[in-house]
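Peer 1:
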Amino acid sequence: MNLPTSSWWTWLAVAALGTFHGLNPAMGWLFAVALGLYRRSRRVVLLSLIPIAFGHAVAAGSMLMAGLSLGMVIDHTVLNRVCGTLLIGWAAWHALRGHRMRPLVGMQTGLAGLAVWSFVVAGSHGAGLMLIPALMPMCGALSNATGIGSTATIATVALFVHTAAMLLTTGVIALAVYDHFGVAGLRTKWLNFDLLWSGTLATCGAIQLAL
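Sequential numbering of the sequence shown, starting at 37, is according to this note's numbering.
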């Protein structure tokens with residue numbers, strides 16, 4: 037089976053979401069920098085990227101596969117409405133309450149703690165749900181033509197592309213902050229992601245409702 041190349045915008049959207057997730061300090065790079073500074077090791081910063089990417093991929097992949105699997109048994113129009121409403125509701129919750137979440141791990145946690153933190157944050161931030169609006173049309177068309185196996189293949193490749201983009205972005209920022217800017221400089225040189233993230237969730241929900 038050849039992956040569809042005509043839907044290039046789909047892969048661009050998947051990679052762009054990975055980049056956006058990597059920009060968010062809550063997704064892990066801030067923890068990687070803090071752990072590297074605590075242990076005074078650039079190598080630790082790089083090693084921290086592995087559990088961060090793993091936790092993110094597991095959370096996003098679980099949500100993505102659940103949503104696309106439901107698309108095999110539920111009418112796509114109904115599923116789009118449900119997912120869109122859920123994303124908008126999630127955006128409202130995140131805007132009102134999400135920033136009050138208490139960290140499950142400290143800035144000096146180990147690599148296992150980073151994986152847990154990455155998994156929890158990616159899941160609570162709706163990382164996997166954001167991918168569904170981009171992949172649903174292509175996966176739906178393929179499942180009707182060639183079956184469930186094609187959907188699983190597309191989802192797997194999409195998750196790999198998304199995680200690779202997230203990992204690259206996370207690594208670049210973590211090393212830049214560790215080597216040049218320092219954590220203190222972020223107070224004046226970084227965006228507040230809470231409002232931006234809520235807006236992105238709501239936008240993805242609106243797109244889902246429009247499909």
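The C-beta atom is built at its ideal place from N, Cα and C for all residues, glycine as well. Everything numeric in this text was worked out from a predicted model, so none of it was measured.
For I209, is the classification buried or exposed, using 16 other Cβ atoms within 10 angstroms of its Cβ as the cut-off for buried?
Peer 2: As a position in the sequence shown, residue 209 is number 173, starting the count at 1. Buried is the call here.
Peer 1: Pairs of beta-carbons, one from the region 117-132 and one from the region 49-61, closer than 8 Å: are there three or more?
Peer 2: Contact between the region 117-132 and the region 49-61 is absent, because fewer than three Cβ pairs lie under 8 Å.
Peer 1: List the endpoints of the continuous alpha helix (DSSP H) containing S279.
Peer 2: Given a span of 37 to 247 for the chain in the structure shown, any question on residue 279 remains unanswerable.
Peer 1: Need the endpoints of the alpha helix (DSSP H) that G58 sits in, please.
Peer 2: On the sequence shown, residue 58 is found 22 positions in, with the first residue counted as 1. 44-59 is the extent of the alpha helix (DSSP H) around G58.
Peer 1: Can you look up G207 in the DSSP assignment and give me helix, strand or coil?
Peer 2: The sequence position of residue 207 within the sequence shown is 171, counting from 1. The answer is helix: DSSP assigns G207 an H, G or I state.
Peer 1: Could you give the residue range of the alpha helix (DSSP H) that holds A70?
Peer 2: In the sequence shown, the residue the question calls residue 70 occupies position 34. Taken as a continuous stretch (DSSP letters only), the alpha helix (DSSP H) holding A70 covers 65-75.
Peer 1: Does the beta-carbon of H92 have 16 or more other beta-carbons within 10 angstroms, so that it is buried, or is it exposed?
Peer 2: Counted from its first residue, the sequence shown places residue 92 at position 56. H92 should be labelled buried.
Peer 1: Straight-line CA distance for L171 to T46?
Peer 2: One-based indexing of the sequence shown puts residue 171 at position 135. One-based indexing of the sequence shown puts residue 46 at position 10. In a straight line, the C-alpha of L171 is about 7 Å away from that of T46.
Peer 1: For F217, which of A70, L83, L48 has the nearest alpha-carbon?
Peer 2: Locating residue 217 in the sequence shown gives position 181, counting from the first residue. If we check each option's Cα against that of F217, A70 comes out closest.
Peer 1: Let me make sure I understand the geometry here. Which of A49, L85, A96 has the alpha-carbon closest to that of S160?
Peer 2: For the purposes of this step, residue 160 is identified with residue 124 of the sequence shown, where counting begins at 1. S160 has its Cα closest to that of A96, out of A49, L85, A96.
Peer 1: Could you check whether G64 and T236 sit closer than 7 Å to each other, using their CB atoms as the reference points?
Peer 2: Residue 236 sits at position 200 when you count from the first residue of the sequence shown. Residue 64 sits at position 28 when you count from the first residue of the sequence shown. It is not a contact, given that the beta carbons lie outside the stated cut-off.
Peer 1: Look at the alpha carbon of F155 and the alpha carbon of A246, and state the distance between them as a whole number of angstroms.
Peer 2: Locating residue 155 in the sequence shown gives position 119, counting from the first residue. Locating residue 246 in the sequence shown gives position 210, counting from the first residue. Each residue's alpha carbon lies about 29 Å from the other.
Peer 1: Can you give me the Cβ contacts of L83 inside the same chain, cut-off strictly under 7 Å, excluding the 5 residues immediately before and after it?
Peer 2: The residue given as residue 83 occupies position 47 in the sequence shown. L147.
Peer 1: Buried or exposed for A194, going by 16 or more other Cβ atoms inside 10 Å?
Peer 2: By 1-based counting over the sequence shown, the position of residue 194 is 158. The residue is buried, with at least 16 neighbouring Cβ atoms inside 10 Å.
Peer 1: Taking only the alpha-carbon atoms, compute the straight-line gap between S179 and V81 and give it to the nearest angstrom.
Peer 2: Position 143 of the sequence shown holds residue 179. Position 45 of the sequence shown holds residue 81. A caution first: S179 carries a pLDDT of 49, below 50, which makes its placement in the model unreliable, though a value can still be read off. In a straight line, the C-alpha of S179 is about 41 Å away from that of V81.
Peer 1: When you compare each of A128, L165, R75, A242 to V94 by their alpha carbons, which one comes out closest?
Peer 2: Position 58 of the sequence shown, counting from 1, holds the residue named residue 94. Checked all of A128, L165, R75, A242; the closest Cα to V94 is L165.
Peer 1: I110 by DSSP, collapsed to three states: which one?
Peer 2: In the sequence shown, counting from the first residue as 1, residue 110 sits at position 74. DSSP places I110 in coil when its eight states are reduced to three.
Peer 1: Straight-line CA distance for T189 to L104?
Peer 2: Position 153 of the sequence shown, counting from 1, holds the residue named residue 189. Position 68 of the sequence shown, counting from 1, holds the residue named residue 104. Straight-line Cα distance between these residues: approximately 12 Å.
Peer 1: Are S234 and A163 touching if we call contact CB-CB under 7 Å?
Peer 2: Within the sequence shown, residue 234 is the residue found at index 198, counting from 1. Within the sequence shown, residue 163 is the residue found at index 127, counting from 1. Contact flag unset, no.
Peer 1: Between A238 and the rest of its own chain, which residues show a CB-CB distance below 6 Å, the 5 nearest in sequence each way excluded?
Peer 2: As a working note, residue 238 is residue 202 in the sequence shown. Correct list, in chain order: I124, A127.
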